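Let me begin by presenting the structure, written as structure tokens, before commenting on it.
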Amino acid sequence: MNKLLDQNTNDDVVSAIDSLGFGIAIWSSENSLVKCNLEFSRHFDIDDPDSLAGLSVKQLVEKIAQASRLILPENRREWRCQEEQAILSNKLSQYRFVDGTICEVKRWPTKNDGKVHCLQDITQSVRNKRTLEKERDKSTEAERTKSRFLRAANHDLRQPLASLKIMIYNCLETKDTQERDQLLHNMDISVSIMEDLLGALLNIGQLDAGRIEPKISTFQISTILDRMRLQFEHQAQEKGLTFRVMPSKHAVVSDRALLERIVSNFVANAIKYTETGGVLLGCRKRGDRLYLEVWDTGIGISLDDQEKIFQEFFRVSSEQAHRKHSLGLGLNIAKRLADVLKQEISLKSVPKKGSVFSIKAPIGNVWHSDIGEPEISERIGGEFTGLTVIVLEDDEILLDALVALLERWGINVIHLDHSQEIGPQIRELDTEPDLIITDYRLHGAIQGTDLVLEVNDLLEKPCPAIVVTADTQPDLIERIKKQGFPVLIKPVSPPGLRVIMHNILYEPELVPELN
Amino acid sequence: MHDTTIPIGSMVPLSGPSSADGNEFRNGLELAAEEINQRSGILGKKIRLFFEDTGTQSATEVVRAARILIDNGVHAIINGYNIGSQNSEYEPIADAGVIYIHHNTLLQHHDTVMSNPDRYFGCFMGDPAEYWYGQGFIKFASWLRDTGQWEPRNRKIAIVSGTKPYSVVIANAMASASPQFGWDLVSRPIVVSSPTRNWKEYLDTIRNLDPAILAITQFYSGDLARFQLSFMENPIPSLLYLQYGALHRSFKEAVGEKAAGVIVGTMIGLPRDEMGRGFAEKYFRSFGPDSTPEVGCQPYTSLHHYAIAASIAGGTGGPGEIEKNRVVADCLLRYPYRSVAGTIRYHRKWQAAVPYPDAVHDPSLGLPHLFYQIRNPDQEHALIAPDPYADAKFVLPTWLQN
Chain A
1395 MNKLLDQNTN DDVVSAIDSL GFGIAIWSSE NSLVKCNLEF SRHFDIDDPD SLAGLSVKQL
1455 VEKIAQASRL ILPENRREWR CQEEQAILSN KLSQYRFVDG TICEVKRWPT KNDGKVHCLQ
1515 DITQSVRNKR TLEKERDKST EAERTKSRFL RAANHDLRQP LASLKIMIYN CLETKDTQER
1575 DQLLHNMDIS VSIMEDLLGA LLNIGQLDAG RIEPKISTFQ ISTILDRMRL QFEHQAQEKG
1635 LTFRVMPSKH AVVSDRALLE RIVSNFVANA IKYTETGGVL LGCRKRGDRL YLEVWDTGIG
1695 ISLDDQEKIF QEFFRVSSEQ AHRKHSLGLG LNIAKRLADV LKQEISLKSV PKKGSVFSIK
1755 APIGNVWHSD IGEPEISERI GGEFTGLTVI VLEDDEILLD ALVALLERWG INVIHLDHSQ
1815 EIGPQIRELD TEPDLIITDY RLHGAIQGTD LVLEVNDLLE KPCPAIVVTA DTQPDLIERI
1875 KKQGFPVLIK PVSPPGLRVI MHNILYEPEL VPELN
Chain B
61 MHDTTIPIGS MVPLSGPSSA DGNEFRNGLE LAAEEINQRS GILGKKIRLF FEDTGTQSAT
121 EVVRAARILI DNGVHAIING YNIGSQNSEY EPIADAGVIY IHHNTLLQHH DTVMSNPDRY
181 FGCFMGDPAE YWYGQGFIKF ASWLRDTGQW EPRNRKIAIV SGTKPYSVVI ANAMASASPQ
241 FGWDLVSRPI VVSSPTRNWK EYLDTIRNLD PAILAITQFY SGDLARFQLS FMENPIPSLL
301 YLQYGALHRS FKEAVGEKAA GVIVGTMIGL PRDEMGRGFA EKYFRSFGPD STPEVGCQPY
361 TSLHHYAIAA SIAGGTGGPG EIEKNRVVAD CLLRYPYRSV AGTIRYHRKW QAAVPYPDAV
421 HDPSLGLPHL FYQIRNPDQE HALIAPDPYA DAKFVLPTWL QN
């Protein structure tokens, strides 16, 4: 009965060991393996745990090595010695498996001088710990960057703010117009420095938060080159520098806005650090890549500084004249934006001679080139796009509707206020009008046709005109037409206006009133 | 009207200067209706066509045609183009709330639809706006340059426009896109009125400007034929582009071999694939060897697309049945159709077919903007762009070979 009980108990123990959710191995006092469970042997690709029973420490270590499941160092002999010692010494250790699993091995002595080893899968907890550590490091770095940034921003903002305070006070005090103008000009500079700083702060903030998502498209690089010319031409001239932009016909694949910001930072930097000579912006094709290059004849950058130039707040010049207008952020932002775009930035420089900053972009297929218009409508490409039309209308609702319609067709609309003198308003126009649209009866018993004649006198040539009226008396309409003006009856329908405008401007022979 | 039929109207220039195209539009619709009706029509109801002549295609004539068709209770109006109506016909059609699909190729359509999407929900343009001709040609010329197929001797481009909005818009689009692609305009587009008989004077002016590209956006085939004959008397060494009218049979007959080398484009034509060729053969069998499937295919494709959309929508609606027609319009927008002319995929805002490669990069999602180079009179025009539709290579015209 007792024997049967012992046998039953033994079976229960074996069954319980095999059911454990972690690996277990039991060693005798002679250091031979008495028993291990399936969870233990499975880790080494051995399906029958009993086949390991009776192995010595050395034999088990050899078996584990042969199973090729563990990541082992190159020096296998040394590893075997260390592993055998670890098993005998009851030390805590870790197994790293080739499939990425990590197990912790805990070892305890038993009462009869044997040992019991427990093999537990800790992969998930190790991964969780690593993720947490990474997040912590990232957060610490972000905090550090933020603090560093805020300290520097605080310093840089205080400087122009302090100057502004003084200048405002002086401006209020002074009675000399010339001095006041100079103070206002200086205040404008201080405000633009603060603007730059806040813009950079916003860029850095977006980059830190990982909020900048590039919108990749194919576009003509000329669009960026033209904008750079417009943006910096005046600034370079004011400093007595030449600024040349070489034309390019290539299409590139990139984010238009981000690439423009990078190039703009290069050009701004070049102008800032160049006192004589000039700045050149151009493109060079190499294979399937286009290099946008900004050349300057500025102070140059020493080899040591070339590594640091793209770091935050790094300023190459120690001269106060450069420092007060520089935040040391432009190139850092350019570098970080280039990283977002996965486009490479490079620098070549010789101290006291000048520098070349460049960014590399893949050349695109011209067929895919996007002209950068969000909506294809008459505003950008209609037959009336770019024309200038004078509108004379008193009724505000009708005026708003007409202006909205004409602007939707891409027309530059000028509303003349006939309660004021017309002459100065006409003389202020940048371009001569192509057409006049006038109400017939304007406030103050003024006839639109009379105003058209007045405008023509001022222009010293006839400008075609359309008269609109709510008055449907045939006599009146006939009279206006006889004066040479086509008439539209209110409410004016867009197709009707379109037809008459087209005919006047392109096919005047179809307009009987003009003939 | 019988309950067993669906009345479909069409406003076509059966008389007047565009009557040749008008007859092709009618042919295309009749062929499509026959095919649809053979397959049990739209949800079992046969299509019945009503044609109204738009003559000279003036606003008055087109609006009159639209009103007559609506009074006849049509569920949709599907036609080719009516240049000159300036979208006036949209008003009675929008009031009736029926579907309207045309091929006017006008940017005005974008503007009108976007100005009040709710009112013009049913108005569709089955081909891309003429604007794309301009932008697309500049890309085409840049592609020839960038791929080394043609080496321009300078960066200059001269543009000559007709007086119709269609020509003016194309010319403006070319002018505005040119600088971005590395071309310098020699002047603002030169506007010539039709009929133009004395091209020599214009050509002499242009010769002095020395352009590497000369683009004529005037589209009347007669004017273009007179231009080409005048041009060939003393060719200017320029890449020469002529607008759509140069594809007309009358141009070929008038100019003959003197047209060889000219570039022409179309926003809607027949690609030379299995579907395009198959349609052309069927069209010639039905309407004779002198018919023009490239024109007839326009309303043909749109009637098929409409039939599919109406079937998915669960049926059509006549004047006043606006809610039913809104569902049809939604299905037209929702389900692109691979027609014999390429894929008609309506832009949600413009309600116009999107062009490939001008506005989309995927040929399966746009109607191909095809570029041909005219060869000798006994040869078919070479389709030279865009891939994957091209079946020939650009050849340097004789006047550029020296």
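Chains A and B, in that order, are what the protein sequence lines are.
FYI, the numbering for the first sequence is 1395 to 1909, going by our numbering.
FYI, the numbering for the second sequence is 61 to 462, going by our numbering.
Ideal Cβ placement from N, Cα and C applies to all residues, glycine included.
Keep in mind the model is a prediction, meaning the values are calculated, not measured.
ILE296(B) carries a coil assignment under DSSP once its states are collapsed to helix, strand and coil. The Cβ atoms of VAL1744(A) and GLY1672(A) lie no closer than 8 Å to each other.
For THR1779(A), the closest C-alpha among the options ILE219(B), ALA235(B), PHE454(B) is that of ALA235(B). SER1749(A) has ASP1690(A), SER1743(A) as its beta-bridge partners, per DSSP. Following the DSSP letters along the chain, one finds PRO67(B) inside the beta strand (DSSP E) bounded by residues 65-72. For ALA272(B), there is no enclosing alpha helix (DSSP H), as DSSP marks it with neither H nor E. Ranked by Cα distance from PHE311(B), the options MET335(B), PRO331(B), PHE279(B), LEU330(B) are led by PHE279(B).
Looking at the DSSP output, LYS106(B) bridges to THR65(B). Between LEU1882(A) and LEU1891(A), the C-beta gap is smaller than 8 Å, which places the two residues in contact.
In the assembly as shown, VAL1407(A) is an exposed residue. Its beta-carbon has fewer than 16 other beta-carbons within 10 Å. With the criterion set as a beta carbon lying under 7 Å from some beta carbon of chain A, the members of the region 139-155 of chain B are GLN146, ASN147, SER148, in sequence order. Residues of chain A with a Cβ closer than 8 Å to the Cβ of PHE241(B) are, in chain order, GLN1614, SER1616, LYS1643, VAL1760, SER1763. The DSSP-derived three-state label of VAL228(B) is helix.
For the region 1595-1629 of chain A, the set of residues with a beta-carbon nearer than 7 Å to any beta-carbon of chain B comprises GLN1614, SER1616, THR1617, in chain order. Using beta-carbon distances, PRO1467(A) does not count as an interface residue toward chain B, since no partner is under 8 Å. Under the Cβ distance rule, ASN97(B) does not count among the residues neighbouring chain A, no pair being separated by less than 8 Å.
The C-beta of ARG345(B) has fewer than 16 other C-beta atoms within 10 Å across all chains shown, which makes the residue exposed. If you look at CYS1475(A), you'll find it in the alpha helix (DSSP H) that goes 1470-1483.
Counted as a single uninterrupted DSSP element, the alpha helix (DSSP H) harbouring ASP1851(A) occupies residues 1842-1853.
Within the DSSP bridge table, the entry for MET185(B) names HIS162(B), ALA412(B) as partners. When rounded, the separation of the alpha-carbon atoms in ASP1649(A) and ASN1759(A) is 15 Å.
For the set GLY426(B), VAL420(B), ALA412(B), the Cα lying nearest the Cα of ASP1764(A) is the one of VAL420(B).
If you draw a 10 Å sphere on the C-beta of SER75(B), you find fewer than 16 other C-beta atoms in it, and that means exposed. Nothing from the region 275-307 of chain B brings a Cβ to less than 9 Å from some Cβ of chain A. With contacts defined by Cβ atoms closer than 8 Å, PRO331(B) and PRO188(B) do not form a contacting pair.
Closest in C-alpha terms to HIS170(B), from the list GLY186(B), ILE159(B), HIS135(B), comes GLY186(B). At a cut-off of 8 Å between beta carbons, VAL1893(A) contacts chain B. For ASN176(B), there are no neighbours in chain A by C-beta distance under 7 Å, as the nearest C-beta there is about 10 Å away. THR114(B) and ARG86(B) have their C-alpha atoms some 12 Å from each other.
When C-beta atoms of the region 386-404 of chain B are compared with those of the region 361-375 of chain B, three or more pairs fall below 8 Å, so the two segments count as touching. Counting only Cβ-Cβ distances below 9 Å, HIS1809(A) has no contacts in chain B at all, with the closest Cβ about 21 Å away. In the structure shown, PRO1756(A) falls within a strand segment according to DSSP collapsed to helix, strand and coil. Residue-level contact check: SER1648(A) does not touch chain B, since none of the beta carbons of chain B fall below 8 Å from its beta carbon. ILE328(B) and PRO1827(A) have their C-alpha atoms roughly 37 Å apart.
Straight-line spacing of the CA atoms in MET71(B) and PRO1889(A) works out to 18 Å. In the assembly as shown, LEU1635(A) is a buried residue. Its beta-carbon has 16 or more other beta-carbons within 10 Å.
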